[in-house]
Every structure is written in structure tokens, then in C-alpha cells.
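Q: Quick one: the structure is below, and I'll ask about it shortly.
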Amino acid sequence: MSLKTDGNVYLPEIVGKGYRTFWNFKGRYRVCKGSRGSKKSKTTALWYIVNMMKYPGSNLLVVRKVFRTLKDSCFTELKWAVNRLGVSEFWAVKESPLELTYKPTGQKIYFRGLDDPLKITSITVDVGCLCWMWLEEAYEVTNEDDFNMLDESIRGITPKGLFKQITITFNPWNERHWLKKRFFDKTDNNILAMTTNYMCNEWLDRADLKLFEDMKRNNPRRYQVAGLGDWGITEGLVYENWEENIFSFEEISRAEGVKSAFGLDFGYTNDPTALFCGLIDPDTKTIWVFNEMYERAMTNEDIAAKIKEMGYGKERIIADCAEPKSIDRLRELGIRNIRAARKGRDSVNSGIDFIRNYKILIHPKCSNFIKEIGNYTWDKDKEGNSINKPVDDFNHLMDAMRYALEGYAVGKVFSFE
555 MSLKTDGNVY LPEIVGKGYR TFWNFKGRYR VCKGSRGSKK SKTTALWYIV
605 NMMKYPGSNL LVVRKVFRTL KDSCFTELKW AVNRLGVSEF WAVKESPLEL
655 TYKPTGQKIY FRGLDDPLKI TSITVDVGCL CWMWLEEAYE VTNEDDFNML
705 DESIRGITPK GLFKQITITF NPWNERHWLK KRFFDKTDNN ILAMTTNYMC
755 NEWLDRADLK LFEDMKRNNP RRYQVAGLGD WGITEGLVYE NWEENIFSFE
805 EISRAEGVKS AFGLDFGYTN DPTALFCGLI DPDTKTIWVF NEMYERAMTN
855 EDIAAKIKEM GYGKERIIAD CAEPKSIDRL RELGIRNIRA ARKGRDSVNS
905 GIDFIRNYKI LIHPKCSNFI KEIGNYTWDK DKEGNSINKP VDDFNHLMDA
955 MRYALEGYAV GKVFSFE
């Protein structure tokens, strides 16, 4: 990796180590699963800025499952890469629409979400061809057909010297995901499938490393995935009665017997504040998950503002009873129909038993809910045997769902705490 940019920047000093094969691979699929802090996204962003300046006919499409998540992820990473390489004078950055343009040639970086597939299939470029795609957080894409649609959009003849390539980056939360079978369980010269972790990131400081050391000691199961980049093991899932499904909230909510259900789980620094937004039909035993809030470092004022912004300020919301002061404060801030979940004996397992009797349909935009429910498992004892208690992880929206549905557990006098 001895290339230099036009500005005489020595790339190994900018990019660091651990990605030589990734950097030089020119096959169709470049797939990198990695832990948090493995610099896979930053390395990808650097590669695209360097190589778009190197290949005058190249254009890039950046995709995530939900468009609104791009601005604070890939868009920010690519702007960082431009500045890191010291080439900001050559790049024009627009936020409406999200777009980066290499000013000397007019090449562009486009941003799209799978929540609007027509905008992906209709992209045309002014200069050169659309030869590269970056699919970030690919774990969010649970339907392989959606990826096939993306794959087919990178087609056509490329100018001499260019090559078509799709880069896929993700955290490997679930070994059942189609990504494993398609890219990691086969040998193909057209596929680079690699795993990286935080230990190849020489720019992590002592505090960053301590987070992983603590995780290794206190939560070894999560460390295997978030620390080492291994596949998440999904034996002993709490819920298997779910599927991703595109549905119309308006149509379902108008059906006879269907009621709304909202639940709130508080978090702050390490854990997100999670709002579950669902519909339930006790007659058909169906739960529809249609929206979510999932953010860290939210004050009570932030939570109230976000709930109102989402249009749920007047809804009946059942919240974690362990936070009575927060509940009172949210009432003062205008969320007047919020109340605490009821306490009761064995409330967690009772709530789980109730929900497991239902079919859960999850709208694709609820990516955090899908990640949690696909990783929410029963804990094990010291001998490795499953016990009747869920692991205290991937449970923020799972808890919020139980709070929301407590009133539908007919005959139960307990809360979901």
C-alpha cells in the first residue's frame, strides 16, 4: 500500500494497517465484517476518495437500508476522509440532496436508501459510469432480494482501466443472515470475504481499549461479535415467531379490533432510549411493529421533543417503572398519557410467554428492532445449559414491547419491568 495521492500524502500513514488485501482487491464483491472500532468504515471511505481521484470515470453509490441514517454515517465518514487526505479544495459537499462531487472532473458520490428503491434503479451519471457501490451496515438488509436489486444496478460496460465492485461492510450480529452463506461459506475468486477487529486499529486510545477489555470480562458473548468480529450465535432465541414484512400502517390501524401500543425503555450513556410503536390484534394474535426510536444520550426534554416530532405525543405510552422521576418529568413536558408499567412477580417471563403466542410482523424501517429480536437469547448457566432468563443484552426495544403490551395480557396482574 505504497501509493501516494497527488498531494504527496503517504497512504499507510493515513490509512494504517490491517487492510492491504482489502485495499488492493478488484473483484466484484469486497465484503468486510468487523467489530466496532475496526476502522472498516473509515478505511472504506478513504479508499473511495483516493480511488475516485485516481480513476476519472468512476462514480459511487452509497446505500443503507434507511436513507435518513446515511447523513450521520457514510456521508460523515466520506467528508472525514476528504479532510484526512487534505483534498477538501477538490471536493464539493452538498447536504440537499446528499452528494459529494469531485470538482476537477464532475464525478459524484450519490446516497440512497432501500426505503426508496425507485431512486436507486433510476440513477444516471453525467461523467463516466456508475461502477462502484458501498452497502454499509449490510446486516440491516434482511431480504436477499433487496441486495440482488442493488447488485443488478451496477451493470454495463466500464471504460478501460475501470472495474465494477460492490463493497459490503457490517457488524456480524447473526450467523443465520444470508450474508454468511452467500459470501463467507463459499470460495470464489470474485469474492473477498474478510473479518477485522479493533486490534488492527492503531489509533484507539487507552480508554477505547478499556471498553473492549471490560466487555471481554463482563459480557464475553457480546465481545465475540462486537469485539472480535465473529458471527453472532443465535441458539436459544427468545422469539422465533417474527418476520420482516412491508405493510401499510394506515390500512392495518383501520381494521376492526386493531389497537395501538407504545412502550418506552429509558437509557442514556451506554444504553439507548427505546420507543416501541406497534399495533396489536388479540383476535388474530398478530403484532405489527411499525416505528421505533432508538437513541443514546437523550435527556427527558429530548425524549419528549422526539415523541412529539414523531406524532405520538398524545398516545398512551407505558414506560419503565424504574424511572418514576423521568415519567413525571415527561408528563410535565406534555407527554400526558405516559404511565409506569405495573410491577409483578416473574413479569419478564410472563410477558415473553404472552408475546410468544403472537405472530410479529416488523416493518423493514425498524432496523434496530430487527437486530434486537434476532439476537435476544436465553441465558446459560456455568455448564452451558439454557436457563429460563433472557440475556441482559439486545433488550431495549424488547423491554419496551413488553411494557407496551401489558394491558393486553388478559387476566395478568403484573408489569413488564
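To convert a position in the sequence shown, counted from 1, into our numbering, add 554.
Note that the Cβ used here is the ideal one computed from N, Cα and C, for glycine as well.
Keep in mind that this is a model prediction, so the values were computed, not measured.
Grab the span of the alpha helix (DSSP H) containing Ala599 for me, first residue to last.
A: Residue mapping note: residue 599 aligns to position 45 of the sequence shown, counting from 1. First-last of the alpha helix (DSSP H) with Ala599: 594-608.
Q: So Val681 packs on Thr659, CB below 8 Å; how close in whole Å?
A: To locate residue 681, count along the sequence shown from 1; it is residue 127. To locate residue 659, count along the sequence shown from 1; it is residue 105. At roughly 6 Å, the Cβ-Cβ gap stays under 8 Å, so Val681 and Thr659 are in contact.
Q: At 4 residues or longer, what runs of the alpha helix (DSSP H) sit wholly inside the region 857-937?
A: 878-886, 901-909, 921-927
Q: How should Asp548 be labelled, buried or exposed, when 16 other C-beta atoms within 10 angstroms of its C-beta is the threshold for buried?
A: Outside the modelled stretch of the chain, which goes from 555 to 971, sits residue 548, for which no answer is possible.
Q: When you compare only the Cα positions, how much space is there between Leu765 and Asn772?
A: Position 211 of the sequence shown, counted from the start, is the residue given in the question as residue 765. Position 218 of the sequence shown, counted from the start, is the residue given in the question as residue 772. Spanning the two alpha carbons is a distance of roughly 10 Å.
Q: Quick test of the definition: if touching needs 3 or more C-beta pairs under 8 Å, does the region 787-794 touch the region 751-764?
A: no
Q: Counting Cβ pairs closer than 8 Å, one from the region 648-657 and one from the region 702-709, do we hit at least three?
A: Look at the beta carbons and you see the region 648-657 not touching the region 702-709: under three pairs across the two are nearer than 8 Å.
Q: Inspect the beta-carbon positions of Asn728 and Asn929 and report whether they are closer than 8 Å.
A: Start at 1 with the first residue of the sequence shown, and residue 728 comes out as number 174. Start at 1 with the first residue of the sequence shown, and residue 929 comes out as number 375. Taking 8 Å as the Cβ cut-off, Asn728 and Asn929 qualify as a contacting pair.
Q: Of the choices Ile871, Val617, Ser650, Leu887, whose alpha-carbon is the least far from that of Leu833?
A: Position 279 of the sequence shown holds residue 833. Among Ile871, Val617, Ser650, Leu887, the Cα nearest to that of Leu833 is on Ile871.
Q: Counting Cβ pairs, one atom from each stretch, are 3 or more of them under 8 Å apart for the region 717-724 and the region 570-586?
A: yes
Q: Considering Cα atoms alone, identify which of Ser940, Glu846, Arg618, Gly710 is closest to Cys683.
A: By one-based count along the sequence shown, residue 683 stands at place 129. Closest in alpha carbon position to Cys683, among Ser940, Glu846, Arg618, Gly710, is Gly710.
Q: Count the C-beta pairs between the region 870-887 and the region 851-859 that are closer than 8 Å, then say yes if the count reaches three, no if not.
A: yes
Q: Please confirm whether Ile914 and Val843 have their CB atoms less than 8 Å apart.
A: Residue mapping note: residue 914 aligns to position 360 of the sequence shown, counting from 1. Residue mapping note: residue 843 aligns to position 289 of the sequence shown, counting from 1. In contact: Ile914 and Val843 (Cβ atoms closer than 8 Å).
Q: On the premise that Asn751 lies in contact with Arg595, defined as a C-beta separation below 8 Å, what is that separation, rounded to the nearest angstrom?
A: Along the sequence shown, one-based indexing puts residue 595 at 41. Along the sequence shown, one-based indexing puts residue 751 at 197. Residue identity differs from the one stated: residue 595 is Ser in this sequence, not Arg. Wrong, their Cβ atoms sit about 14 Å apart, outside the cutoff.
Q: Measuring straight from C-alpha to C-alpha, what distance separates Met847 and Lys734?
A: As a working mapping, residue 847 is identified with position 293 in the sequence shown. As a working mapping, residue 734 is identified with position 180 in the sequence shown. In a straight line, the C-alpha of Met847 is about 28 Å away from that of Lys734.
Q: For the beta strand (DSSP E) containing Ala815, name the first residue and the last one.
A: In the sequence shown, counting from the first residue as 1, residue 815 sits at position 261. Counting along the chain, the beta strand (DSSP E) containing Ala815 begins and ends at 813-819.
Q: How should Trp686 be labelled, buried or exposed, when 16 other C-beta atoms within 10 angstroms of its C-beta is the threshold for buried?
A: Counted from its first residue, the sequence shown places residue 686 at position 132. Label assigned to Trp686: buried.
Q: If you run the structure through DSSP and keep just helix, strand and coil, what is Arg730?
A: Numbered from 1 along the sequence shown, position 176 holds the residue referred to as residue 730. For Arg730, the three-state secondary structure derived from DSSP is coil.
Q: Determine the DSSP secondary structure at Leu758, reduced to helix, strand or coil.
A: The residue given as residue 758 occupies position 204 in the sequence shown. Three-state result, Leu758: coil.
Q: Less than 8 Å between the beta carbons of Pro616 and Tyr664, yes or no?
A: Along the sequence shown, read from residue 1 onward, the residue named residue 616 stands at position 62. Along the sequence shown, read from residue 1 onward, the residue named residue 664 stands at position 110. In the sequence under discussion, the amino acid at residue 616 is Val, which differs from the Pro named in the question. The answer is yes: Cβ separation under 8 Å.
Q: Please name the residue in Lys934, Lys662, Gly905, Arg893 whose C-alpha comes closest to that of Lys868.
A: Here residue 868 corresponds to residue number 314 of the sequence shown, with the count starting at 1. Of the listed residues, the one whose Cα sits closest to Lys868 is Arg893.
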